[in-house]
Amino acid sequence: MSLPNRYLRLKEFFRGSVEPAFRYRQILDAIFNQGITQFSLMHTLPRALREQLAETFGKELLSLTPIEEDVSSQANKWLFSLADGQCIETVAMRYRAGWYSYCISTQAGCGFGCQFCGTAAMGLRRNLTADEICDQALYFRLAGQPLNSLSFMGMGEALANPNLFPVLQCLTDPALFALSARRLTVSTIGLVPGIQRLCRDFPQVNLTFSMHSPFNEQRSQLIPFNRRYPIEEVMASLDEHIARNRRKVYVAYLLLRDVNDSQEHAKTLAELLKRRGRNTRLYHVNIVRHNATQHSEQQFARPVETEIQKFRGWLEESGLKVTVRPSFGSEISAACGQLYAHSRDQVQAANLG
Numbered sequence: 070m071s072l073p074n075r076y077l078r079l080k081e082f083f084r085g086s087v088e089p090a091f092r093y094r095q096i097l098d099a100i101f102n103q104g105i106t107q108f109s110l111m112h113t114l115p116r117a118l119r120e121q122l123a124e125t126f127g128k129e130l131l132s133l134t135p136i137e138e139d140v141s142s143q144a145n146k147w148l149f150s151l152a153d154g155q156c157i158e159t160v161a162m163r164y165r166a167g168w169y170s171y172c173i174s175t176q177a178g179c180g181f182g183c184q185f186c187g188t189a190a191m192g193l194r195r196n197l198t199a200d201e202i203c204d205q206a207l208y209f210r211l212a213g214q215p216l217n218s219l220s221f222m223g224m225g226e227a228l229a230n231p232n233l234f235p236v237l238q239c240l241t242d243p244a245l246f247a248l249s250a251r252r253l254t255v256s257t258i259g260l261v262p263g264i265q266r267l268c269r270d271f272p273q274v275n276l277t278f279s280m281h282s283p284f285n286e287q288r289s290q291l292i293p294f295n296r297r298y299p300i301e302e303v304m305a306s307l308d309e310h311i312a313r314n315r316r317k318v319y320v321a322y323l324l325l326r327d328v329n330d331s332q333e334h335a336k337t338l339a340e341l342l343k344r345r346g347r348n349t350r351l352y353h354v355n356i357v358r359h360n361a362t363q364h365s366e367q368q369f370a371r372p373v374e375t376e377i378q379k380f381r382g383w384l385e386e387s388g389l390k391v392t393v394r395p396s397f398g399s400e401i402s403a404a405c406g407q408l409y410a411h412s413r414d415q416v417q418a419a420n421l422g
């Protein structure tokens, strides 16, 4: 069976090689400390070994190529091309305190059909490999940007891609990216088996549940996958996660004007979370401002700011912990729900035109 990422494959290569084991550590030093991603430039390695590694693993370690960069005041969006011509988008956000956060993609497209999301209009083209996911983070590290936090909230449903778990292993490995699990966030529309596995294998990774409506019928219209795992079943898995790990769970709530922003919605959401008993204090609601996209299945509007704050107030009056999440990059279609990537051929044709 093929090993899930290049670092395990490299380690296995040296296990079956006459080369000393420290050569593997030299490669990691070249990548993570010297910023070298081509074996031919790793001059601490013998020339014959460099040639053998390039022949076995390819000349360039990075599995993605930057095609375009869009810049705004607090967010930059990169369009990356993959080896098979598929493209993905990744977003880097800069907070005024100097904190850098990255929105990482796990799939080319998405197959879950959420009505408000531009990525869903692409359909699912394929899962990204573990290397393709990790290399989004590696690209920014090589550029000298600090990896203060990573969120798997880019293109795709993270828990639908089994390669997410070897990625989390890579990112938290002290010999590789050496990131704290608490600086990683996985967002899901409610894939219960994935939530259970994350709870078991990576309990310190932050978890966000994208709810967007407390009513099953309406949520199924907005997020068709709700028919597979309705709200009560997802909440039971989140309760289990909290009970087992005593870790906060975030509930993302995308506000859509005249759709899910009424006082009745706020009251029902509050009642749903208050029924968690002693676990209620570890649920935190993140209100998300809607970002319009021409690609989504349906067109929705964002409530005006006074209505957003009114909804927040209703929840806080019920005793819930609530934050209105800042929205970065909407002017370059880099905000939540706006990511959409054409294939490399389509990008090149548009540029030529």
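Mapping of the sequence shown onto this note's numbering: residues 70 to 422, in sequence order.
Note that beta-carbon positions come from the ideal geometry of N, C-alpha and C, so glycine has one too.
Non-local C-beta neighbours of V236 in its own chain, meaning closer than 7 Å and more than five positions away in sequence, comprise A199, I202 and C203, ordered along the chain. The bridge partners DSSP lists for D330 come to none. Scanning the stretch 162-221 for uninterrupted beta strand (DSSP E) segments of 3 residues or longer gives 169-172, 176-178, 193-196 and 218-221, listed from N- to C-terminal end. Within the model, the alpha-carbon separation for R315 versus A161 is close to 30 Å. Between the alpha carbons of V393 and N230 lies a distance of about 29 Å.
In chain order, Y76, L97, F101 and C239 place their CB closer than 8 Å to the CB of L245, counting only its own chain and leaving out the 5 sequence neighbours on each side. Around the beta carbon of A312, fewer than 16 other beta carbons sit within 10 angstroms, so the residue counts as exposed. Under the three-pair Cβ rule at 8 Å, the stretch 250-262 counts as touching the stretch 218-226. Straight through space, the alpha carbons of L133 and L151 are spaced by roughly 5 Å.
Rounded to whole angstroms, the Cβ separation of R195 and Q143 is 31 Å, and the two are not in contact under 8 Å. In the three-state scheme derived from DSSP, where H, G and I count as helix and E and B as strand, D139 is classed as strand.
The alpha helix (DSSP H) runs of length 4 or more contained entirely in the stretch 282-325 are, from start to end of the chain, 285-291 and 300-314. In the three-state DSSP reduction, Y352 falls in the strand class (E or B). Rounded to the nearest whole angstrom, the CA to CA distance from L114 to L72 is 24 Å. Straight-line spacing of the CA atoms in A190 and G182 works out to 7 Å. By the CB criterion at 8 Å, Y322 and H353 fall outside the cutoff.
The distance from the Cβ of T349 to that of Q407 is about 32 Å, inconsistent with a contact at the 8 Å cut-off. Contact annotation: R344 and P372 have beta-carbon atoms that are not nearer than 8 Å. The beta carbons of T159 and C179 sit no closer together than 8 Å.
Only buried fits T254, as 16 or more other CB atoms lie within 10 angstroms of its CB.
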